[in-house]
Every structure is written in C-alpha cells, then in structure tokens.
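Participant: I'd like to ask you about the structure that follows.
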Amino acid sequence: ARWAAVAVAGVLHAALVIVPTYASQMLAAIVFGLLRTLQWGAYYYLLGDPHHVSPTYYSRVLGYNNLAIALVSDITPYGLTAIIVSSEAHHALHYLVVKLCMLVAFVIAGVAFYVNLRTSEADAALRQLGSRAAV
C-alpha cells in the first residue's frame, strides 16, 4: 500500500507538471512534497524490514542505495535540460516529450519494482514456511 501511494502520487505529479498553467504547477509543487515524504518513508520502511534487507548488510545497502539515488537525482536534471534546450525552437515540445518519456519510464519502473517486491515477499514467505517445517 505504501508503494502504491508513492506510485499514484508520482503519476499525479508528472501529469500536473506537464500542464503549463500556474495552478497546475503550484499543485504539482504541493504533490511533490507529499510524494517525497511518502517515498522516503516507504523506502526506509522497506530497508528496516529484515525480510527484504538482512541486518548484516543494512549499512552497506543503505550506503549504496543512497549513493545511487544521489547520483541519479543530481546528474539527471542536467542531461534533461540539455535535451530540452538542444534546439532553438520548440522548447515546449521538447519539454513535453521529455516529461512524457519520464512518465512512461516511471510507470514501467514502478511495475517492475512491484513485481520484484511481491516476488521477494513470496520467496521470503516460502523460506519461512520451509524453516518451520524443518523444525
């Protein structure tokens, strides 16, 4: 349910950003704050669950994940800005295409993450049942 709320807020934010009106941009800023709060809360809840991350590897996973998040979030805007302003005309069209591509990528990544999360939860449940049967 946590990641579903993150996905819904993410799609809503992306859709609002595409609409070029003042009201939609202000609403997108509000949704962005909610989205980030939900996203980080769900992320740390997932990391704190011993079924997903072994306490032995918690520090390493936290460090590598946060490094990857920082690199992607700090580098990506510069590349996207270069794409948008690469031609003299049609900045609005480039912006729309980039935002739509990002929205599609977000939905695909969200579905893949959900499938992976559910598969790992099912595997953990089976391992737990197997360990109970062995006792």
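Take the sequence shown: its letter number 50 is residue 52 in this note's numbering, and every next letter is one higher.
Using N, Cα and C, we set each Cβ at its ideal position, and we do this for glycine too.
1. Using a threshold of 9 Å, state whether the C-beta atoms of L18 and A30 are closer than that.
2. Would you say I85 lies against chain C (beta-carbon separation less than 9 Å)?
3. Apart from the five residues on each side of it in sequence, which residues of its chain come closer than 8 Å, Cβ to Cβ, to V33?
4. Going by C-alpha distance, which of A3, M28, Y97 is nearest G81?
5. If we ignore side chains and look at the alpha-carbon of each, how far apart do N68 and P79 end up?
6. Using a 10 Å radius around the Cβ and a threshold of 16 neighbouring Cβ atoms, would you call L102 buried or exposed?
7. Quick one, which of Y60, Q41, A70, G65 has its alpha-carbon nearest A3's?
8. I need the straight-line Cα distance from W5 to Q27, nearest angstrom please.
9. Kindly indicate which three-state DSSP category S23 falls into: helix, strand or coil?
10. Look at the Cβ atom of I1, then the Cβ atom of V100, and state whether they are nearer than 9 Å.
11. Using 9 Å as the threshold, is the C-beta distance between Y60 and L49 below it?
Facilitator: According to the structure shown:
1. yes
2. Of the protein chains in the structure, only one exists, and it is not chain C.
3. A11, L14, H15, L18
4. Considering only alpha carbons, the answer is Y97.
5. 17 Å
6. exposed
7. Q41
8. Cα-Cα distance, rounded: 24 Å.
9. For the sequence presented, residue 23 should be read as Thr rather than Ser. Residue state, collapsed to three classes: coil.
10. Residue coverage of the chain in this structure runs from 3 to 137, which leaves residue 1 outside it and unanswerable.
11. For Y60 and L49, yes; Cβs fall inside 9 Å.
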